[in-house]
Amino acid sequence: GDSVTQTEGLVTLTKGLPVMLNCTYQTTYSPFLFWYVQHLNEAPKLLLKSSTDNKRTEHQGFYATLHKSSSSFHLQKSSVQLSDSALYFCALSEGPNYNVLYFGSGTKLTVEP
Amino acid sequence: EAAVTQSPRNKVAVTGGKVTLSCNQTNNHNNMYWYRQDTGHGLRLIHYSYGAGSTEKGDIPDGYKASRPSQENFSLILELATPSQTSVYFCASGDPDWGVAEQFFGPGTRLTVL
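Here it is, written out as C-alpha cells:
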C-alpha cells in the first residue's frame with residue numbers, strides 16, 4: 101500500500117529512447133525490492149529483484165540499483181522497444197513477514213513507433 | 791504447462807450471490823496468495839496461506855473468505871457479492887528464497903458483479 105510509491109502513472113515514449121520508472125519505498129526493516137511486468141491481458145511476471153545496497157541488477161535489458169540511502173529502486177532501460185509496452189509494478193518485501201509483497205500502484209509504459 | 795491456474799477465467803455474478811474463485815498450483819510451493827487488481831491501486835493482497843489448512847488476512851480481507859484444503863488448491867470466497875468487488879483477481883504461489891517469497895502469478899479471473 102503506502103509502503104511503495106510509483107510517481108508516474110503513465111509514461112509514453114518513442115522507440116529507442118531511454119526510460120526510467122521511479123520507485124521509492126518506506127520501511128524500517130532491511131528491504132527486498134522487486135520489479136514485476138504485466139503485459140496486456142497477462143499475469144504479472146518477475147523482472148528484477150534485489151536486496152543488495154548499491155549493486156546494479158539486470159535482466160532482459162532492464163536494470164535497477166537499490167539505494168538504501170534514498171530508499172529508491174528505479175527501473176531503467178537504455179533503449180525501449182515496442183514490446184516493452186506494459187504495466188510495471190514495484191514491490192517491497194519487509195520484515196518481520198518477508199512472505200508478503202507490497203505493490204506500488206503501477207506505471208503504464210507505452211512505446212510508440 | 792502453466793504452474794498456476796485459475797478458474798473460472800471470467801465470471802458474472804449478481805449482487806448478494808455467492809462466488810467461489812479457484813486456484814491450483816503445481817509448483818509445490820507452500821505459500822499462496824489472492825490479490826485484486828484495480829486501476830490506480832495496483833495489486834492489493836486479500837488473503838494468503840502458508841500451507842494446507844492455513845489462511846491469513848491480507849490488507850483488504852473484508853467481504854472475502856479463503857480456504858486452503860490442500861497444498862495445491864486455494865479458493866477465494868465471496869459469500870455476499872457486491873458491485874464494489876468487481877475486479878480482476880490474481881492468485882499467486884511462492885516459497886521463501888533467502889527468506890523472501892518470490893511469487894508466481896496465475897492468469898487472472900475477471901469478476902463482474904451486477
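Protein chains in written order, with my numbering: chain A, 101 to 213; chain B, 791 to 904. Just so you know, even glycine gets a beta-carbon here, dropped at the ideal spot from N, CA and C. Computed from a prediction, not measured in an experiment: that's the story for all the values here.
By Cβ distance below 6 Å, which residues in the same chain neighbour residue i in space, the five residues on each side in sequence not counted?
i: D863/B; result: The question names Asp, yet the displayed sequence has Asn at residue 863/B. Excluding residues within five positions, the ones whose Cβ falls inside 6 Å are N814.
i: S205/A; result: Q106
i: S172/A; result: T124
Could you give the first and the last residue of the continuous beta strand (DSSP E) run that contains residue i?
i: E68/A; result: It is not possible to answer for residue 68/A, since the shown part of chain A is limited to 101 through 213.
i: S185/A; result: From DSSP, S185/A is part of no beta strand (DSSP E); its letter is neither H nor E.
i: A842/B; result: Where A842/B is concerned, there is no enclosing beta strand (DSSP E), given that its DSSP letter is neither H nor E.
i: T902/B; result: 899 to 903
i: V111/A; result: 110 to 114
Determine the chain B residues that contact residue i at a beta-carbon separation under 7 Å, and present them in chain order.
i: L146/A; result: E892
i: A143/A; result: F880, F895, G896, P897, G898
i: F162/A; result: Here the premise fails: no neighbours, minimum Cβ distance about 17 Å.
Which residues in chain A have a C-beta closer than 8 Å to the C-beta of residue i? List them in chain order.
i: L868/B; result: Near L868/B there are no residues of chain A at all, since even the closest Cβ is about 21 Å away, more than 8 Å.
i: N821/B; result: N199
Which chain B residues sit within Cβ distance under 8 Å of residue i?
i: G204/A; result: G832
Mind listing the chain A neighbours of residue i? Cutoff is C-beta to C-beta under 9 Å, in chain order.
i: Y838/B; result: N199, V200
i: P798/B; result: The premise fails here: P798/B is roughly 15 Å from chain A at the closest Cβ pair, so nothing lies under 9 Å.
i: P851/B; result: The premise fails here: P851/B is roughly 13 Å from chain A at the closest Cβ pair, so nothing lies under 9 Å.
i: P886/B; result: Y198, N199
Within a Cβ cutoff of 8 Å, which residues of the same chain sit near residue i, ignoring the five residues on either side of it in sequence?
i: A200/A; result: Per the sequence presented here, residue 200/A reads as Val, with Ala not at that position. Taken in chain order, the residues that qualify are S193.
What does residue i touch in chain B if you count any residue whose Cβ is under 9 Å from its own?
i: K115/A; result: Within chain B, no residue comes near K115/A; the closest Cβ sits about 25 Å away, beyond 9 Å.
i: F189/A; result: G832, L833
Between residue i and residue j, how many whole angstroms is the CB-CB distance? I'm expecting something under 8 Å.
i: Y188/A; j: L140/A; result: That belief does not hold up - the Cβ atoms of Y188/A and L140/A are roughly 13 Å apart, past 8 Å.
i: Y823/B; j: L811/B; result: With 8 Å as the limit, Y823/B and L811/B do not qualify as a contact, their Cβ atoms being about 13 Å apart.
i: Q176/A; j: A164/A; result: 7 Å
Quick check: is any heavy atom of the ligand MG less than 6 Å from the C-beta of residue i?
i: E194/A; result: Absence of the ligand MG from the depicted structure is noted, as is the absence of any ligand whatsoever, leaving it without description.
Looking only at its chain, what residues have a beta carbon closer than 7 Å to the beta carbon of residue i, apart from the 5 residues adjacent to it on each side?
i: G832/B; result: none
Note down, one range per segment and in chain order, each beta strand (DSSP E) of at least 3 residues found wholly within the segment 117 to 181 of chain A.
119 to 121, 132 to 138, 145 to 150, 156 to 159, 162 to 165, 175 to 177
Which ranges does the alpha helix (DSSP H) cover as unbroken runs of at least 4 residues, wholly within the segment 797 to 876 of chain B, from first to last along the chain?
none
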